[in-house]
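A.B. asks: I have a structure here, written as structure tokens, and I will follow up with some questions on it.
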Amino acid sequence: MPVSAVLARLDVNPETVLVIAEGELITKDHVLADDAEVEVRPVISGGAGPASCHACERTSVIEVRRHRSSYCAEHFVDHVRNQVRTAIDHLGMISYDERILVAVSGGKDSLALWDVLLDMGYRVDGLYIGLGIGTYSDRSEQVVRTFADRRGATLHRVDLGAAYGYDIPAATALRRRSSCGVCGLSKRYVFNRAAVEHGYDVMATGHNLDDEAATLLGNVLRWQTPLLSRQSPSLPARDGLARKVKPLYRLGEREMAAYCVIKGLDYIVEECPMVAGNTVLRYKDALNELERHAPGTKAAFLFGYLERARDEHFPADASDGATVVPCDRCGQPTGVRGGDDRITAVCAFCRTRDRVRIAMADPRRHPAGSPA
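Residue numbers in the sequence shown follow my numbering, run continuously in steps of one, and reach 363 at the last position.
What follows is the structure, given as structure tokens:
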């Protein structure tokens, strides 16, 4: 891929950065190999051309249109940290004496979150879940391990196939349901279980402003009352569920990509190969178009809901009539609805796991390469 194309995907002005490979300055039309490693350095000299930094007179490397501000590399990093600090303080997400577990996938958001929290002095470790998605998972894990080694940070790893007998490609093929649905269910289960069993006070995810606004749009369009009542950047611990926070909810996807470039954080640029057809992507496209014409639309939509609509119209105690009880199979929390006369309660994860195992035992349905 040409250097210019990589910078365009990150929405980084090519006139404000230098790209270096193997110690040599390369041009913006240079074609990078798939495994190429490059360093992107911001140009910080002043002069005509790109706008000046909002906080100083140096040349800006990124414009944040919803804030009507441009930043040089140094002050953009400050901007990101300030937004995270505001999110944490506003909702009382975490404190310095708590142990935090960050879910890391190898993508820009989770690695940036881990990096920011470490720089801010929090006690934070990472959890990587091996989903078995071929070379994509292999590359993702390597990126995460490289980051952890570089920062001297603790990284936990759970392999879905080894620990639970199935991976995401196998489960998707056998269950004939959305890969993102199976993946999300599996990650939520493993993440919560790891946080509780390892004694972490809070678990943090890298969901950003774009993610949260798109999820909100989908929930509003379908009037998913239980989901709307639970949509918050900070959810308290309850009934076996660890406290969950999203410190990046005030920062956009583009800002997180720029942060990684400026900080020199390697991450997986390509999307998961199994994400095709995910409805959330279409919601993101729609919001991006609105944002292009009216900067600040995403923030106004999400923050307005959180500050003015959620508590009044979708209070946190709103539910679909379910009572949270321990799963009879694994002990993790699950919901049982009122009027359900079942003697046992089995969580969605265990039910999915059972169905996949039954299907895998049938040689007519066993996809090649699935875990035994």
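For glycine and all other residues, C-beta sits at the position ideal for the given N, C-alpha and C. Since the structure is predicted, the reported quantities are computational estimates derived from the model, not experimental observations.
With distances taken from CA atoms, which of ASP110, SER60 and ILE79 is nearest LYS254?
C.D. replies: To locate residue 254, count along the sequence shown from 1; it is residue 263. Nearest Cα to LYS254 within the set ASP110, SER60 and ILE79: ASP110.
A.B. asks: Please identify the residue among GLU203, SER225 and LEU(-2) whose C-alpha is closest to the C-alpha of VAL193.
C.D. replies: In the sequence shown, residue 193 corresponds to position 202, counting from 1. The shortest Cα separation from VAL193 among GLU203, SER225 and LEU(-2) belongs to SER225.
A.B. asks: Going by C-alpha to C-alpha distance, which of ARG344, CYS251, LEU219 and PRO317 sits closest to VAL52?
C.D. replies: To locate residue 52, count along the sequence shown from 1; it is residue 61. With distances taken between Cα atoms, VAL52 lies closest to CYS251.
A.B. asks: Pairing CB atoms from the region 159 to 174 with CB atoms from the region 70 to 77, are three or more of them under 8 Å?
C.D. replies: no
A.B. asks: Do you know whose CA, among VAL266, LEU108, LYS275 and ASP230, lies nearest LEU200's CA?
C.D. replies: Here residue 200 refers to the residue found at position 209 of the sequence shown. Checking every option, the nearest Cα to that of LEU200 belongs to LYS275.
A.B. asks: Does VAL34 pass the burial test, meaning 16 or more other C-beta atoms within 10 Å, or should it be called exposed?
C.D. replies: Taking the first residue of the sequence shown as 1, we reach residue 34 at position 43. Residue placement at VAL34 is flagged as unreliable, the pLDDT there being 49, under the threshold of 50; the coordinate-derived value follows with that caveat. Its Cβ being crowded by 16 or more others within 10 Å, VAL34 is buried.
A.B. asks: What is the DSSP secondary structure of ALA164, counted as helix, strand or coil?
C.D. replies: Taking the first residue of the sequence shown as 1, we reach residue 164 at position 173. ALA164 falls in the helix class under three-state DSSP.
A.B. asks: Which partner residues does ASP116 have in the DSSP bridge list?
C.D. replies: One-based indexing of the sequence shown puts residue 116 at position 125. Paired residue(s): LEU92.
A.B. asks: Please find out if some non-hydrogen atom of the ligand ATP comes closer than 6 Å to the beta-carbon of THR343.
C.D. replies: The ligand ATP is not part of the structure shown, which contains no ligands of any sort.
A.B. asks: So which of GLY117, LEU104, HIS45 and PHE294 has the shortest CA-CA distance to ALA185?
C.D. replies: Working through the sequence shown from its first residue, we reach residue 185 at position 194. Cα-wise, what sits closest to ALA185 is GLY117.
A.B. asks: In angstroms with no decimal places, state the Cα-to-Cα distance between ALA164 and ALA350.
C.D. replies: Working through the sequence shown from its first residue, we reach residue 164 at position 173. Working through the sequence shown from its first residue, we reach residue 350 at position 359. If I take the Cα positions, the gap works out to 10 Å.
A.B. asks: Below 6 Å CB to CB, which residues in the same chain sit around ARG56 once its five sequence neighbours on both sides are set aside?
C.D. replies: In the sequence shown, the residue the question calls residue 56 occupies position 65. PRO286, listed in sequence order.
A.B. asks: Do LEU239 and GLY197 have their CB atoms nearer than 7 Å?
C.D. replies: Here residue 239 refers to the residue found at position 248 of the sequence shown. Here residue 197 refers to the residue found at position 206 of the sequence shown. A contact, by the Cβ cut-off of 7 Å.
A.B. asks: Nearest-angstrom Cα distance between GLY112 and VAL181?
C.D. replies: As a position in the sequence shown, residue 112 is number 121, starting the count at 1. As a position in the sequence shown, residue 181 is number 190, starting the count at 1. If you take the alpha carbons of GLY112 and VAL181, they lie about 26 Å apart.
A.B. asks: So, at 6 Å on beta carbons, what are the nonlocal neighbours of ARG114 in its own chain, with the 5 sequence-adjacent residues on each side left out?
C.D. replies: Mapped onto the sequence shown, residue 114 falls at position 123. Contacts found: ARG90.
A.B. asks: Note down the Cα distance separating VAL347 from ALA42, rounded to an integer number of angstroms.
C.D. replies: On the sequence shown, residue 347 is found 356 positions in, with the first residue counted as 1. On the sequence shown, residue 42 is found 51 positions in, with the first residue counted as 1. Between VAL347 and ALA42, the C-alpha separation is close to 55 Å.
A.B. asks: Within 10 angstroms of the Cβ of ARG0, are there 16 or more other Cβ atoms? Answer buried if so, exposed if not.
C.D. replies: Translated into the one-based positions of the sequence shown, residue 0 becomes position 9. With fewer than 16 other Cβ atoms within 10 Å, it is exposed.
A.B. asks: Roughly how many angstroms lie between the CA atoms of GLY38 and THR50, to the nearest whole one?
C.D. replies: Translated into positions along the sequence shown, residue 38 becomes position 47. Translated into positions along the sequence shown, residue 50 becomes position 59. Bear in mind that a pLDDT of 38 at GLY38, under 50, signals an unreliable position, so the number given afterwards is only what the model happens to contain. Those two C-alpha atoms are separated by around 7 Å.
A.B. asks: When burial is assigned at 16 or more other CB atoms within 10 Å of the CB, is TRP214 buried or exposed?
C.D. replies: Along the sequence shown, read from residue 1 onward, the residue named residue 214 stands at position 223. That one is exposed.
A.B. asks: Given that a residue counts as buried once 16 or more other Cβ atoms are within 10 Å of its Cβ, and exposed if not, what is LYS235?
C.D. replies: As a position in the sequence shown, residue 235 is number 244, starting the count at 1. Classification of LYS235: buried, given that the 10 Å Cβ count is 16 or more.
A.B. asks: Assign ILE366 to one of three DSSP states: helix, strand, or coil.
C.D. replies: As shown, the chain starts at -8 and ends at 363. That puts residue 366 outside it, with no answer to give.
A.B. asks: Can the beta-carbon of VAL22 be found closer than 7 Å to that of PRO(-7)?
C.D. replies: On the sequence shown, residue 22 is found 31 positions in, with the first residue counted as 1. On the sequence shown, residue -7 is found 2 positions in, with the first residue counted as 1. Taking the C-beta atoms as reference points, PRO(-7) is found nearer than 7 Å to VAL22.
A.B. asks: For a test of the three-state rule: what should DSSP assign to GLU54, helix, strand or coil?
C.D. replies: Walking along the sequence shown from the start, residue 54 turns up at place 63. Residue state, collapsed to three classes: strand.
A.B. asks: Can you list, in chain order, the residues of its chain with a C-beta nearer than 7 Å to that of ILE124? Leave out the 5 residues immediately preceding and following it.
C.D. replies: Within the sequence shown, residue 124 is the residue found at index 133, counting from 1. Cβ within range, chain order: ILE159, PRO160, CYS263, PRO264 and MET265.
A.B. asks: Looking only at DSSP bridge pairs, what is LYS289 linked to?
C.D. replies: Locating residue 289 in the sequence shown gives position 298, counting from the first residue. In DSSP, LYS289 forms no bridge with anything.
A.B. asks: Expressed to the nearest angstrom, what Euclidean distance is found between the alpha-carbon atoms of LEU297 and ALA78?
C.D. replies: Numbered from 1 along the sequence shown, position 306 holds the residue referred to as residue 297. Numbered from 1 along the sequence shown, position 87 holds the residue referred to as residue 78. Taking the straight line from one Cα to the other gives about 12 Å.
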